[in-house]
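Reading through the structure tokens given below for one structure.
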Amino acid sequence: MKIIESARDMRGESELLRRAGLSLGFVPTLGGLHAGHRALLDRARSECERVSASIYLNPTQFDSPADLATYPASMDADLSLCESAGVDIVWLGRRADLFPDGFQTWVEVERLTRPLCGAFRPGHFRGVTTIVAELLAIAKPHRAYFGLKDFQQALAIERMVRDLWLDTEVVKVPTVREPDGLALSSRNARLAPEERAVAPALYRSLVRTRELLLGGEHRVDALEAFLRRAIEEEPRFRVEYAEVVRAADLEPFSTGTVDIDAGVLIAVAAHLGSARLIDNVWLPPARGGDF
Ligand code: AMP
19 MKIIESARDM
29 RGESELLRRA
39 GLSLGFVPTL
49 GGLHAGHRAL
59 LDRARSECER
69 VSASIYLNPT
79 QFDSPADLAT
89 YPASMDADLS
99 LCESAGVDIV
109 WLGRRADLFP
119 DGFQTWVEVE
129 RLTRPLCGAF
139 RPGHFRGVTT
149 IVAELLAIAK
159 PHRAYFGLKD
169 FQQALAIERM
179 VRDLWLDTEV
189 VKVPTVREPD
199 GLALSSRNAR
209 LAPEERAVAP
219 ALYRSLVRTR
229 ELLLGGEHRV
239 DALEAFLRRA
249 IEEEPRFRVE
259 YAEVVRAADL
269 EPFSTGTVDI
279 DAGVLIAVAA
289 HLGSARLIDN
299 VWLPPARGGD
309 F
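Letter by letter, the sequence shown follows residues 19 to 309 in this note's numbering.
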């Protein structure tokens, strides 16, 4: 496994591999790797001849300095996870390359990043799409892998790639969960044992709401109220948002009634102790499409 630090070297390496006719898969991460990241790496490994991963704690996507300062980092463990996943190249991004003095170009996906997390984390998605645009320009992968735990992020990146004609296919990978349902997240490390014990209630609430929907309750207000109440049955949660929107574009259902055929996303963000957790479940559009 090669470890690369400079953007110039990373680009050089990718260009060589491309010229050799090899297919390149790429998994961008913030570090603090876990089995969710591992699923992305495994998928890339199964579909591409060479796999690279980036580890870069991108400061521009953090809207809270405290979140950035306490983000779980574990370089040695991250490198061993990459090694055991058969990663060919790990790229440790550097600020001097990615946000040098004088940097002033930002990529913003407009409508998709307004609702849900976008309404509560100013600047977050702008930071994400800008760094991902840079990473793709440097690593030049044929395919890049993103997790559906961050559903809105995956859609925004997919839109950006399409709008800017970036030469990479975006592959979306299902959420990996603990056996009790909690979605894996680097931020789970912040949960105290008693918080960790109640955390799976978030996913259970989403599943119960999906059951209510599939049982015939199509009123958005009723579903959202049910979801919020289900989460708040565990009083340690402070719900940030609990919403039922169209899966394809994250817009509200204009009639106030869910159109299941259009695809449905049920998404939440909630604080539990010092951790902010997000999770979602979704139903794909009836006519398929790119889900
Ligand atoms: P992060 O390091 O948090 O930026 O995550 C890097 C990538 O891993 C993103 O595409 C995430 O959506 C994805 N990811 C994080 N957690 C999970 C999970 N539990 N299941 C699947 N993908 C995940």
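All C-beta atoms in this analysis are idealised placements derived from N, C-alpha and C, irrespective of residue type, glycine included.
Threshold first: 4 residues or longer. Then list the alpha helix (DSSP H) segments lying entirely within the stretch 103-176, N to C. 113-116, 135-138 and 142-157
Sorry if obvious, but does the Cβ on S204 come closer than 7 Å to a heavy atom of the ligand AMP? yes
Buried or exposed by the 16-neighbour rule on C-beta atoms within 10 Å, applied to P46: buried
Starting from I22, trace the beta strand (DSSP E) in both directions and tell me its first and last residue. K20 to I22
Measure the beta-carbon distance from S32 to K158 and round it to whole angstroms, keeping in mind my assumption that it falls under 8 Å. 4 Å
Is the distance from the Cβ of V286 to the Cβ of L230 below 8 Å? no
Between which residues of its own chain and S82 is the CB-CB distance below 6 Å, once the five residues before and five after are set aside? none
For the ligand AMP, any of its heavy atoms closer than 7 Å to the Cβ of H55? yes
Nearer than 7 Å: is that true of the beta carbon of Q171 relative to any heavy atom of the ligand AMP? yes
Going by beta carbon distance, what residues of the same chain come within less than 7 Å of E176, once the five residues before and after it are set aside? V188
Please report the straight-line C-alpha distance between A217 and A174, rounded to a whole angstrom. 27 Å
Between which two residues does the beta strand (DSSP E) harbouring E235 extend? Run containing E235: none; DSSP gives neither H nor E here.
Would you kindly report the start and end of the unbroken beta strand (DSSP E) that includes A287? V282 to L290
Could you check if K20 is buried or exposed, using at least 16 other CB atoms within 10 Å of its CB as the buried criterion? exposed
Please return the same chain residues whose Cβ sits closer than 6 Å to the Cβ of D115, not counting the five positions on each side in sequence. A25
Looking at V95 and the ligand AMP, is the gap between the Cβ and the nearest heavy atom below 7 Å? Reading the sequence as shown, one finds Ala at residue 95 and not Val. A95: no, Cβ never under 7 Å from the ligand AMP.
Would you give the residue range spanned by the beta strand (DSSP E) that A293 belongs to? A293 to L301
According to DSSP, is Y259 helix, strand or coil? strand
Nearest-angstrom Cα distance between G104 and R61? 11 Å
Of the residues A248, T78, V127 and V257, the one placed nearest P118, counting alpha carbons only: T78
Output the residue ranges of the beta strand (DSSP E) runs that lie fully inside the stretch 187-228 and measure 3 residues or longer, sorted by chain position. 187-191
Cβ-heavy atom distance between K20 and the ligand AMP below 7 Å? no
Whose C-alpha, out of T123, V299 and R222, is nearest the C-alpha of Q170? V299
Report yes if the C-beta distance between G54 and Y163 is below 8 Å; otherwise report no. no
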